[in-house]
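> Chains A and B supply the protein sequences, listed in that same order. For what it's worth, the working numbering labels the leading residue of the first sequence as 5, then goes sequentially. For what it's worth, the working numbering labels the leading residue of the second sequence as 1008, then goes sequentially. Ideal Cβ placement from N, Cα and C applies to all residues, glycine included. Just passing along the structure, written as structure tokens.
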Amino acid sequence: MNDTLQRLSERFTDQLLETSEAHGDPAAVLRREALLPAIDFLRAEGYTVLEDLAAVDYLTYPLPQPGRLAVMYQLHDIERRRRVRLKVHVSPPDVHLPTISNRWNIADWLEREAWDQFGIVFDGHPNLKRILNHHEFVGHPLRKDYPIKTRQPLSENDSLVDEMALRLRTNGVLLPRHDREILAAATPFSDHGEPAPPGNVSFGARGGASAATLEAVEKLTAGGAVLSEPEFYTDLHTDLMFLNIGPSHPATHGALRTFVALDGETIVAAVGEIGYLHRGFEKTTETQCYNGVIPYTDRLNYVSAILNNFAYCKAVERLLGVETTPRCKAIRVIIGELSRIIDHLVCVGTNLVDIGALTNYWYTFNVRERVYDIFDKLTGARLTNSYGRIGGLARDFYPGCTEDILKVLVDIERSISEVETLVKQNRIFLDRVQDVCSVDARTALSYGWTGPILRASGVAYDVRKAYPYDGYDQYDWDVPVGSVGDTYDRIFVRMYEMVQSVKIIRQAIKTLPGGPVNVADKNVCLPSKDDTYNNIEGLMNHFKLIFEGVKVPPGEIYDCSEAANGELGFYVVADGSGRPYRNRCRPPSFMAFAGYPEMIEGYMIADAIATLGSINIIAGELDR
Amino acid sequence: MRSGRLGAPWSAAIPWAPWKRDGGPLTVGLETIFGNSVVTTKIDDVLNWARKNSLFPMPFGTACCAIEFMGLVSAEFDLSRFGAEVVRFSPRQSDLLMVMGTISYKQAPILRRIYDQMPEPKWVLCMGVCACSGGFYDNYCTVQGIDDIIPVDIYVAGCPPRPEGLMDAIMKLQAEKVAKMSVLRTRGPEAPAAVAPLASDGGAVTARPTHESPGP
């Protein structure tokens, strides 16, 4: 038995309902009372990162469950490279669970999402409100009894003043430091008798304003009073200015909204709002067969669609117990790394445009078009490629593909060095990005950050190194890390990652094995066209796989890959049919944007714009 | 520039045009007095010519399609060749609203407000199947086509459309909509409104069903 599960079962003998280690993915089902003690126990054991928190509705699940709704807590020990999942069941009408938002910063938003989508109430949560759906929405759409096509229009957008009032109070805006600490201790974060972790108040505010404003804020936010929007503004005789950045703003890359309180040009409090591109990925994919989900995964992080395909396929393959062929693995590495490069090119290019360096955009986009030409030839699409398949790939390389890729790598290297030359010694650029919105490793981990932005803060965690898949451990490459965690580091970690990706691709092409790209399993991969058209067994096999989907035995898995923005995880619950019972996506952008309001507090608007580009929020992935 | 170039369909329709008979230089109207220093033409032709070649797009990009738009304005496809490259992120400074990407119900009031903020005359380009019809997001949170919210002038099919498709749509819009505007439309009490008010019957004056869209 897994060491952690062993210790958990010793410690919580009575409250542990079930343990499982299927597919090398340890999980434990607990009674509700044991949740907080178990989480604290595991935190002390070294599981210091909350990777994911998601709910499942077992209403129509064929196997009996301890309760209708379940919440899973995916914990990660980033140093010892191990994971464990805790699950707690509740049944309506009693859908209460204790909050863990006082333990991890990211739990705040993840619990809001579980409330929004499943209606689970987290007692003690500072502001349990909807996050992906709009504030006029009624019901909880991811519950199995919510009809997928019941649409609810919105008349007016949320004013966000409640969150802003809470944030002003949490930040202790305008207070001397010792008073701020008293205030922080008095916030709902400490309801469970535990002091708020330093991450929650680490940035503080650098602003200063009149005593009258301070009094007004105190008066208005005391006791958690709920104010209407006009009251909030008129009664707050303030010299703060409130400003919406987004959702329609050139730098918000799609659909993000940040509501900021400004003292002059300095942001003293910020709250983020997401959900503007919430398009029901998780609910919609429950209606598709396993391979039919792949086009939806394209549109998560649409800048590097192929990486999402592969991440999803890998999760389902692990649940099926299928091992892909060596050639498939190598092609996934090559094409995946190419996707990572074009993602980083867009990120760096648009980030530099946002801070006024337009030339780099041409350099990065020209070479991106060259990569698109290859994708176009290989997959038939420029952007949304749908190249992965469960158990393999949509098709093998076309003749001459590796030569095309090797040729484009030269262009990529030139483009990277051109951009580097343009910006690295540029005084204006350096002034804009160095020591701006720095994030320390502890805060980054508390927000569940992964990928380039976590590495910029100095934590060398890369899924490709920590949990090697697709043979990444055969190649010789390094993980670039930053030292300060500022915008400069975030940009340059991406730049150097592109160089490493080029290195990986060259090695993978040199050692590219032959053989088939799809596994020879009739229950997983489509038969050859020759069989489909020429014999009845092949035709039936094809028909059943297309119409009924790949049959995945009942079970569940959390599996992750290193996508361009970080750890892209899929928590798939299978019920034995050809469609996923629950398909939860753990999006790295969600974690990044949850930390964004706290990052920009104390900095200027212009810094906030430069920072937003550097954390590369892709709305499709953020809102799903 | 000679008036004959701007008003080509008009001049072709007049068989007794004097310059055709004697074959001499074009001299009609004021040009008989002032020579080549003036051009006579119709006010609509001049205004439409200018409008057509200086569209100011407001890119309302929410999703994947916006990435293809970025491809369109970059060096490879270079939208500026067609006189529509100066993007304005302020709706008050633009006349072409390009809706690129899925519109959720949470986004819908914002889209409507941005449309209302744009000054007349204005056009709406609807890029990609999500904006046209909801696409394969037939679910609780996605608007099933933005023509429920705002009138649409031209639809572009694709998921996402290729830059060539978007380019084609912009050129069609210029030729079929922008070049056929008339200043008379805003004069007088009976003049038709540029855009019909939103009604339950769809409201969009010139909207066509999506299956007729100019795809790539």
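1) Can you check whether the C-beta of glutamate 160 (chain A) is within less than 9 Å of a C-beta belonging to chain B?
2) Taking DSSP's pairing of strands, which residues face threonine 246 (chain A) in a bridge?
3) If you check the beta carbons only, do lysine 118 (chain A) and isoleucine 124 (chain A) fall under 9 Å apart?
4) Using a 10 Å radius around the Cβ and a threshold of 16 neighbouring Cβ atoms, would you call isoleucine 278 (chain A) buried or exposed?
5) Which whole-angstrom value describes the C-beta separation of asparagine 175 (chain A) and glutamate 605 (chain A), a residue pair presumed to lie in contact below a C-beta threshold of 8 Å?
6) Taking a contact to mean a Cβ-Cβ separation below 9 Å, would you say methionine 1134 (chain B) touches phenylalanine 1076 (chain B) in this structure?
7) Between phenylalanine 379 (chain A) and isoleucine 339 (chain A), is the Cβ-Cβ spacing less than 9 Å?
8) When the Cα atoms are used, what is the spatial distance from arginine 15 (chain A) to proline 41 (chain A)?
9) Which residues in the same chain have their Cβ closer than 7 Å to the Cβ of aspartate 482 (chain A), if we skip the five residues on either side of it in sequence?
10) Run through the DSSP bridge pairs and tell me what asparagine 587 (chain A) is partnered with.
11) Which ranges would you report for the alpha helix (DSSP H) in the stretch 1081–1160 of chain B if only whole runs of at least 4 residues count?
12) For the stretch 1147–1160 of chain B, list every residue whose C-beta sits within 7 Å of some C-beta in chain A, in sequence order.
13) Count the other C-beta atoms from every protein chain shown that fall within 10 angstroms of the C-beta of glutamate 566 (chain A), then say buried if there are 16 or more, exposed otherwise.
14) Nearest to isoleucine 432 (chain A) by alpha carbon, out of A:Tyr280, A:Ile335, A:Thr154 and A:Asp611?
15) Based on DSSP bridge pairs, tell me the residues matched to tyrosine 492 (chain A).
16) Three-state secondary structure (DSSP) at proline 102 (chain A)?
17) Tell me which same chain residues have a C-beta within less than 8 Å of the C-beta of leucine 281 (chain A), skipping the five on either side of it?
18) Among B:Ser1101, B:Asp1051, B:Leu1086 and B:Asp1154, which one has its Cα closest to the Cα of valine 1136 (chain B)?
19) Against chain B, does glycine 212 (chain A) count as a neighbour if the rule is that its beta carbon must be under 9 Å from one of theirs?
20) The beta strand (DSSP E) that contains valine 275 (chain A), what's its start and end?
21) Cα-Cα, which of B:Val1046, B:Ser1044, B:Leu1079 and B:Asp1051 is closest to lysine 1187 (chain B)?
22) Does the beta carbon of alanine 623 (chain A) come closer than 9 Å to any beta carbon on chain B?
23) Between glutamine 1100 (chain B) and chain A, is there a C-beta pair that is closer than 9 Å?
24) How would you label arginine 29 (chain A), buried or exposed, when you count the other beta carbons within 10 angstroms and need 16 or more for buried?
25) Does the stretch 519–538 of chain A come close enough to the stretch 495–504 of chain A that 3 or more CB-CB pairs lie under 8 Å?
26) Quick check on the DSSP output: what are the complete alpha helix (DSSP H) runs of length 4 or more inside the stretch 11–73 of chain A, in order along the chain?
27) Leaving aside the five residues before and after proline 1170 (chain B) along the sequence, list all residues of the same chain whose C-beta is less than 7 Å from its C-beta, in chain order.
28) Grab me the residues of leucine 247 (chain A)'s own chain with a C-beta within less than 7 Å of its C-beta, minus the 5 sequence neighbours each way, in chain order.
29) Give the secondary structure of lysine 1059 (chain B) by DSSP, where H, G and I count as helix, E and B as strand, and everything else as coil.
30) Inspect the CB distances between the stretch 572–590 of chain A and the stretch 61–78 of chain A and report whether three or more fall short of 8 Å.
31) Is it the case that the Cβ atoms of isoleucine 1267 (chain B) and arginine 1119 (chain B) are separated by a distance below 9 Å?
32) Measuring only the C-alpha atoms, how far is phenylalanine 653 (chain A) from valine 350 (chain A)?
33) Any residues in the stretch 1119–1140 of chain B with a beta carbon nearer than 8 Å to a beta carbon of chain A? Which ones, in chain order?
34) Within 9 Å of any Cβ in chain A, is that where the Cβ of aspartate 1052 (chain B) sits?
35) If you draw a straight line from the alpha carbon of lysine 1129 (chain B) to that of alanine 464 (chain A), how long is it in whole angstroms?
36) What residues in its chain sit with their C-beta under 7 Å from that of glutamate 185 (chain A), if we drop five residues either side in the sequence?
Per the coordinate set shown:
1) With 9 Å as the cut-off, glutamate 160 (chain A) counts as an interface residue toward chain B.
2) Reading the sequence as shown, one finds phenylalanine at residue 246 (chain A) and not threonine. In DSSP, phenylalanine 246 (chain A) forms a bridge with A:Ala265.
3) A quick correction: the sequence has alanine, not lysine, at residue 118 (chain A). Alanine 118 (chain A) is a Cβ neighbour of isoleucine 124 (chain A), given a cutoff of 9 Å.
4) Counting Cβ neighbours within 10 Å, isoleucine 278 (chain A) comes out buried, since at least 16 surround it.
5) That pair is a contact at about 7 Å.
6) Contact: yes.
7) Against a cut-off of 9 Å, the Cβ pair of isoleucine 339 (chain A) and phenylalanine 379 (chain A) comes out as a contact.
8) Near 10 Å, if we compare the C-alpha coordinates of proline 41 (chain A) and arginine 15 (chain A).
9) Same-chain partners within the cutoff: Gln504.
10) A:Val576.
11) Complete alpha helix (DSSP H) runs here, min 4: 1115–1124 and 1135–1140.
12) Listed in sequence order: Tyr1147, Cys1148 and Thr1149.
13) The residue in question, glutamate 566 (chain A), is buried, as its Cβ has 16 or more Cβ neighbours within 10 Å.
14) Across the set A:Tyr280, A:Ile335, A:Thr154 and A:Asp611, the C-alpha of A:Asp611 shows the shortest separation from the C-alpha of isoleucine 432 (chain A).
15) None, per the DSSP bridge assignment.
16) Three-state result, proline 102 (chain A): strand.
17) Excluding sequence positions up to five before and after leucine 281 (chain A), its CB lies within less than 8 Å of the CB of Gly258, Ala259, Ala623, Gly624, Leu626 and Asp627, all in the same chain and listed in chain order.
18) The alpha carbon of valine 1136 (chain B) has as its nearest neighbour, out of B:Ser1101, B:Asp1051, B:Leu1086 and B:Asp1154, the alpha carbon of B:Asp1154.
19) With a pLDDT of 42 at glycine 212 (chain A), under the threshold of 50, the modelled position of that residue is not reliable, and the figure given next carries that caveat. Chain B contact via Cβ: absent.
20) Where valine 275 (chain A) is concerned, the enclosing beta strand (DSSP E) stretches over 270–277.
21) Checked all of B:Val1046, B:Ser1044, B:Leu1079 and B:Asp1051; the closest Cα to lysine 1187 (chain B) is B:Asp1051.
22) For alanine 623 (chain A), the nearest CB of chain B lies under 9 Å from its own CB, placing it at the interface with that chain.
23) No - not a single Cβ of chain A is within 9 Å of the one on glutamine 1100 (chain B).
24) The question names arginine, but residue 29 (chain A) in the sequence shown is aspartate. Classification for aspartate 29 (chain A): buried.
25) Cβ pair count under 8 Å is below three, so no.
26) With a minimum length of 4 residues, the continuous alpha helix (DSSP H) runs that stay inside the stretch 11–73 of chain A are 39–49.
27) Answer for proline 1170 (chain B): Glu1075, Gly1078, Leu1079 and Phe1084, listed in chain order.
28) Counting only Cβ-Cβ distances below 7 Å, and skipping sequence neighbours, we find Val264 and Leu266.
29) DSSP, read as helix, strand or coil, puts lysine 1059 (chain B) in helix.
30) Look at the beta carbons and you see the stretch 572–590 of chain A touching the stretch 61–78 of chain A: at least three pairs across the two are nearer than 8 Å.
31) Examination of residue 1267 (chain B) is not possible in this model, given that chain B is present from 1008 through 1223 alone.
32) Residue 653 (chain A) cannot be examined here, being either before or after the span of chain A that is shown, 5 to 628.
33) Cβ contacts with chain A: Ile1121 and Cys1137.
34) No, aspartate 1052 (chain B) lies away from the interface with chain A (no Cβ there is under 9 Å from its Cβ).
35) The straight-line gap separating the alpha-carbon atoms of lysine 1129 (chain B) and alanine 464 (chain A) is approximately 51 Å.
36) With a pLDDT of 47 at glutamate 185 (chain A), under the threshold of 50, the modelled position of that residue is not reliable, and no figure is offered here.
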